[in-house]
C-alpha cells in the first residue's frame, strides 16, 4: 500500500495525471506483475535482498528515527535522550544546530557573504567545476575516450546475432539517435542565461524538479558510470592475461591477479584532481582506441574471407536466436554510453555570453563522432564479413596471428581502458565529494580525497574480481540505465523544457527516439538475464 501511494502521488502530483480508477488499475496491476516477474526470475531473491536490503533495512529501522528525533526535537546536549540517540547513530552534531548557532552570531548579510565565499571555495575544489580552461579538442578526445570502449571489439559478434539487415540498420540508427541526443545535451547546458548545468542530474532537476530530477537521473548515471568502471577493470585484467598467455604460454596466472595489477595503476591516477588534469591520459586513450580498432579491421582484411564462412544465425533454435538478438541489442547500447559524462566535460570549457561553451563543445563532439564511425563501422562490418557467424566475442581472438600484432592490440586496449576508467570515475568522485563536503560538512582536504578515491578503486576492483562475468550483469542491469541516459532521457528533458508544438518535426523526432529507446530498454535486459543464468550456473567465487 505505501508503494501504491508513492507511485500514485508521483503520477498525480508531479506528472499531472488525472486521479482516476483507470490509472490506479494500471499502476497496481503493473506493480503486481513486476513483483511476480522478479519472483519467478530470481527465486533466490531472498539472498540478494539480504545483501542489498541490509543497506536500507538498518537505516529505516535502527537509526533513521533517531536522526529525525535529534533534528526535530533537539534534545539538550549530553542529556539521556541525546546520548541514547547518538549512541545508535554514531554520528556527529546535527548540521541544523550548527547553522542555528552561526545565525545567532552573524548578521544576515555576513551569513550570505560567508555562504557564497564557502560555496565558491568548494566549487573550486570539486573535480567538475575546479577548472574551466579546456579547449575544444579536449572535448573531442574526452568524448572519443568515453564513447569508444573495448566493446567495439565485440561488435562483429553482435552483428553475427543481428544479421546483415537488422545489424546495419541498428548500428546506423544508434549512431544517428545518440548524435542527436548528444546535440540536445550540449544545447541545454546553458539554456538558462547566466547558469550552467555542469552535471547531468542538475539538468534533470531543472527539467523534472529538485527531488524528482535527482531520483530519475542519479541512479541511472551511477549504474552506467560505476558499471562501466567495473567492466573496464575486468577488460583491463583479461587483456593483460591475454598478453601474458601469448608471451609466456607455459605459465598460467589467475585472472584475479591481472585485475589487481590493472587496478594498481588507478590507485595512482585516481588522485588527479579534475578532467583537465587527466587530458593527457584521455588523449593517449583516444589514440589507442583508434589504433586497436584499425588493427582489428585491417588484420581482418589481411586474413581474408574464411573458406567456411556463413552469415545465418548460429543458434539452432528459434528461442536461442531471439535471446542472442536481444543480447546483441544490449551490446550495441553499451557501445554508445558516452552521454553520461558529456555535461561534465562541457563544464570544463570556458563560456561567456558572447562565446558560449556549446560552440567549441559541439565542434569537439562532431570530431569525436567521426572517429567513432571510423572505429565502429569498419570493425563491425568487415569483421562480420570475414568471419561470419564463427567470429569470437572478441575479434582479436579470431585473428590469432601474428602474435606480436595481437599482443600490441591488447596492450592498446589496456592503455585505452585506463583512460576510460578515469573519465567515468571523475563524475562519481564529484558526486561522492559533493555529498561529503556540502551535505555532511567534511572539510575539502587532500586526505578526504585520498580516502574516497582509494576506496572507490578498491571497491570496483573487488567487484571485478568477484564477478569477472560482470559484462553479462551489466547487459541486464545496465539496459535499464544505458538506454534511458543515452537514447531518450535527453529527449524527454527537451520536451519538458522547450515544449515544442505538437506534431512538429522536433516533437515527432523526440517521440520516435523515446519509443525506440523504451523498446531497447525493455528488450535488451532479457538477453542479459539469460547470460547471468548461464554464467552463474557453474560459477565458483574466486576460482
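Numbering (the working numbering), first residue to last: 89 to 631.
For each residue, glycine too, the CB sits at the ideal point set by N, CA and C.
task = Quick one: measure Cβ to Cβ for residue 308 and residue 578, integer angstroms, because I've assumed they're closer than 8 angstroms.
result = Locating residue 308 in the chain shown gives position 220, counting from the first residue. Locating residue 578 in the chain shown gives position 490, counting from the first residue. About 12 angstroms; that fails the 8 angstroms criterion.
request  = Grab the span of the alpha helix (DSSP H) containing residue 425 for me, first residue to last.
outcome  = One-based indexing of the chain shown puts residue 425 at position 337. From DSSP, residue 425 is part of no alpha helix (DSSP H); its letter is neither H nor E.
request  = In angstroms with no decimal places, state the Cα-to-Cα distance between residue 410 and residue 464.
outcome  = Residue numbering aside, residue 410 sits at position 322 when the chain shown is read from its first letter. Residue numbering aside, residue 464 sits at position 376 when the chain shown is read from its first letter. Roughly 24 angstroms separates the two Cα atoms.
ask   = Hey, residue 222 and residue 363: beta-carbon distance below 9 angstroms or not?
value = On the chain shown, residue 222 is found 134 positions in, with the first residue counted as 1. On the chain shown, residue 363 is found 275 positions in, with the first residue counted as 1. Yes; because the gap between Cβ atoms is below 9 angstroms, this pair is in contact.
query = If you draw a straight line from the C-alpha of residue 373 to the C-alpha of residue 173, how long is it?
reply = By one-based count along the chain shown, residue 373 stands at place 285. By one-based count along the chain shown, residue 173 stands at place 85. So the alpha carbons of these two residues sit roughly 50 angstroms apart.
request  = Using only alpha-carbon positions, find the residue among 584, 533, 519 that is nearest to residue 217.
outcome  = For the purposes of this step, residue 217 is taken as residue 129 along the chain shown, with counting starting at 1. Looking at the Cα atoms, 519 is the closest of the given residues.
query = How would you call residue 282, buried or exposed, if buried means at least 16 neighbouring beta carbons within 10 angstroms?
reply = As a position in the chain shown, residue 282 is number 194, starting the count at 1. Counting Cβ neighbours within 10 Å, residue 282 comes out exposed, since fewer than 16 surround it.
ask   = Residues in its own chain within less than 7 angstroms of residue 444 by CB, not counting five upstream and five downstream?
value = Here residue 444 refers to the residue found at position 356 when the chain shown is read from its first residue. For residue 444, where only same-chain residues beyond five positions count, the Cβ hits under 7 angstroms are 278.
query = Nearest to residue 382 by alpha carbon, out of 369, 423, 398, 497?
reply = Taking the chain shown and counting its residues from 1, the one referred to as residue 382 is at position 294. Of 369, 423, 398, 497, the residue nearest in Cα terms is 497.
task = Spell out a yes or no on whether the stretch 242–252 and the stretch 468–485 are touching, meaning 3 or more CB-CB pairs, one atom from each, closer than 8 angstroms.
result = yes
Closest by C-alpha distance to residue 552, when choosing among 460, 209, 346, 101 = Residue mapping note: residue 552 aligns to position 464 of the chain shown, counting from 1. Nearest option by C-alpha distance: 346.
inquiry  = Threshold first: 4 residues or longer. Then list the alpha helix (DSSP H) segments lying entirely within the stretch 261–322, N to C.
reply    = 288–296
ask   = Is residue 567 buried or exposed, if buried means 16 or more other CB atoms sit within 10 Å of its CB?
value = If you number the chain shown from 1, residue 567 lands on position 479. The residue in question, residue 567, is buried, as its Cβ has 16 or more Cβ neighbours within 10 Å.
inquiry  = I'd like to know if residue 542 contacts chain C, where contact means its C-beta is closer than 9 angstroms to some C-beta of that chain.
reply    = Included in the structure is just one protein chain, with no chain C present.
query = Touching or not, the stretch 528–538 and the stretch 366–380, by the rule of three or more beta carbon pairs under 8 angstroms?
reply = no
key: Host alpha helix (DSSP H) of residue 359 (start-end)   = Counted from its first residue, the chain shown places residue 359 at position 271. Per DSSP, residue 359 belongs to no alpha helix (DSSP H) and is neither H nor E.
message = In chain order, what are the residue ranges of uninterrupted beta strand (DSSP E) at least 3 long that sit wholly in the stretch 209–258?
response = none
task = Can you have a look at residue 430 and say buried or exposed, based on whether 16 or more other CB atoms are within 10 angstroms of its CB?
result = In the chain shown, counting from the first residue as 1, residue 430 sits at position 342. Buried, because 16 or more other Cβ atoms sit within 10 Å of the Cβ of residue 430.
request  = Taking only the alpha-carbon atoms, compute the straight-line gap between residue 407 and residue 618 and give it to the nearest angstrom.
outcome  = Residue mapping note: residue 407 aligns to position 319 of the chain shown, counting from 1. Residue mapping note: residue 618 aligns to position 530 of the chain shown, counting from 1. So the two alpha carbons sit approximately 11 angstroms from each other.
message = Using a Cβ-Cβ cutoff of less than 6 angstroms, which residues in the same chain neighbour residue 467 once the five nearest sequence positions on both sides are dropped?
response = Position 379 of the chain shown holds residue 467. Closer than 6 angstroms at the Cβ level, and outside the excluded window around residue 467, lie 240, 243, 381, 384, 385.
Nearest residue (CA-CA) to residue 569, options 608, 251, 207, 549 = Position 481 of the chain shown, counted from the first residue, corresponds to residue 569. Ranking 608, 251, 207, 549 by Cα distance to residue 569 puts 608 first.
query = Is the Cβ-Cβ distance between residue 461 and residue 574 less than 9 angstroms?
reply = To locate residue 461, count along the chain shown from 1; it is residue 373. To locate residue 574, count along the chain shown from 1; it is residue 486. In this structure, residue 574 does not lie closer than 9 angstroms to residue 461 by Cβ.
task = Measure the beta-carbon distance from residue 250 to residue 413 and round it to whole angstroms, keeping in mind my assumption that it falls under 8 angstroms.
result = As a working mapping, residue 250 is identified with position 162 in the chain shown. As a working mapping, residue 413 is identified with position 325 in the chain shown. With a Cβ gap of about 6 angstroms, residue 250 and residue 413 count as contacting.
query = Can you tell me where the alpha helix (DSSP H) with residue 382 in it begins and where it stops?
reply = Your numbering for residue 382 matches position 294 in the chain shown. Counting along the chain, the alpha helix (DSSP H) containing residue 382 begins and ends at 367–391.
Of the residues 459, 477, 418, 392, the one placed nearest residue 404, counting alpha carbons only = Within the chain shown, numbered from 1, the residue matching residue 404 stands at position 316. The option with the nearest alpha carbon to residue 404 is 477.
inquiry  = Tell me the rounded alpha-carbon separation between residue 210 and residue 316.
reply    = Residue 210 sits at position 122 when you count from the first residue of the chain shown. Residue 316 sits at position 228 when you count from the first residue of the chain shown. Those two C-alpha atoms are separated by around 28 angstroms.
ask   = Start and end of the alpha helix (DSSP H) containing residue 498?
value = As a position in the chain shown, residue 498 is number 410, starting the count at 1. Counting along the chain, the alpha helix (DSSP H) containing residue 498 begins and ends at 491–522.
inquiry  = I'd like the span of the alpha helix (DSSP H) that includes residue 480, first residue to last.
reply    = Numbered from 1 along the chain shown, position 392 holds the residue referred to as residue 480. Run containing residue 480: none; DSSP gives neither H nor E here.
ask   = Mapping DSSP to helix, strand and coil, what is residue 89?
value = As a first step, residue 89 must be located in the chain shown, where it is residue number 1. Coil.
request  = Inspect the CB distances between the stretch 579–596 and the stretch 537–549 and report whether three or more fall short of 8 angstroms.
outcome  = no
ask   = Taking the C-alpha atoms as reference points, what is the distance between residue 484 and residue 323?
value = Here residue 484 refers to the residue found at position 396 of the chain shown. Here residue 323 refers to the residue found at position 235 of the chain shown. Each residue's alpha carbon lies about 13 angstroms from the other.
ask   = When the distance is taken between beta carbons, is residue 96 closer than 9 angstroms to residue 109?
value = In the chain shown, counting from the first residue as 1, residue 109 sits at position 21. In the chain shown, counting from the first residue as 1, residue 96 sits at position 8. Contact: no.
Buried versus exposed call for residue 509 [16 or more other C-beta atoms within 10 Å across all chains shown] = In the chain shown, counting from the first residue as 1, residue 509 sits at position 421. With 16 or more Cβ atoms within 10 Å of its Cβ, residue 509 is classed as buried.
Own chain residues within Cβ distance below 6 angstroms of residue 180, not counting five before or after = If you number the chain shown from 1, residue 180 lands on position 92. The predicted model places residue 180 with a pLDDT of 40, which falls under 50 and marks its position as unreliable, so this point remains unresolved.
request  = Please report how far the alpha carbon of residue 266 lies from the alpha carbon of residue 154, in whole angstroms.
outcome  = Taking the first residue of the chain shown as position 1, residue 266 is located at position 178. Taking the first residue of the chain shown as position 1, residue 154 is located at position 66. Using only the alpha carbons, I get a separation of about 46 angstroms.
query = If you run the structure through DSSP and keep just helix, strand and coil, what is residue 405?
reply = Residue numbering aside, residue 405 sits at position 317 when the chain shown is read from its first letter. Residue 405: coil per DSSP, three-state reduction.
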